[in-house]
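Below is one structure, written out as structure tokens; the observations come after it.
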Amino acid sequence: MTTTLEQIARDALRLTPAQRAELADFLVESLESTPPDEIQRLWIDEANRRLEQVRSGSVKTIPGEDVLAEARRLAKR
Numbered sequence: 001m002t003t004t005l006e007q008i009a010r011d012a013l014r015l016t017p018a019q020r021a022e023l024a025d026f027l028v029e030s031l032e033s034t035p036p037d038e039i040q041r042l043w044i045d046e047a048n049r050r051l052e053q054v055r056s057g058s059v060k061t062i063p064g065e066d067v068l069a070e071a072r073r074l075a076k077r
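So for the sequence shown, the working numbering puts the first residue at 1; every next one is plus one.
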């Protein structure tokens, strides 16, 4: 790590946890190549696609209670 980067890291560690989280979000977003509104549109498209699958009967839904029971069973392993 370069001296400048080390100093930035030391300074960042002096921030509050909330400030570090905000900085981390900012840095991660700077790595994203897809703009946030495009990501939002893609998620909406995916949600609509899944909704259509449920409505058409092409996928089988699983009751929430069953999912939670299975998750609890697996967590006890």
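Yeah, the Cβ is synthetic: ideal placement off N, Cα and C, and Gly gets one too.
Cβ-Cβ separation, residue j to residue i (assumed contact under 8 Å), whole Å
{"i": "Met23", "j": "Leu15", "result": "At residue 23 the sequence reads Leu, which differs from the Met that was named. At roughly 7 Å, the Cβ-Cβ gap stays under 8 Å, so Leu23 and Leu15 are in contact."}
Rounded straight-line distance, which links the Cα of residue j to that of residue i
{"i": "Ala47", "j": "Thr3", "result": "46 Å"}
{"i": "Leu51", "j": "Leu74", "result": "28 Å"}
{"i": "Arg77", "j": "Asp66", "result": "17 Å"}
{"i": "Arg49", "j": "Leu5", "result": "44 Å"}
{"i": "Ala69", "j": "Pro63", "result": "10 Å"}
{"i": "Leu13", "j": "Arg55", "result": "49 Å"}
{"i": "Arg72", "j": "Lys60", "result": "21 Å"}
{"i": "Ser30", "j": "Ile39", "result": "14 Å"}
{"i": "Asp45", "j": "Ile8", "result": "39 Å"}
{"i": "Asp11", "j": "Gln53", "result": "49 Å"}
**Item:** Runs of alpha helix (DSSP H) wholly within the segment 39 to 76 (minimum 4 residues, chain order)
**Value:** 64 to 75
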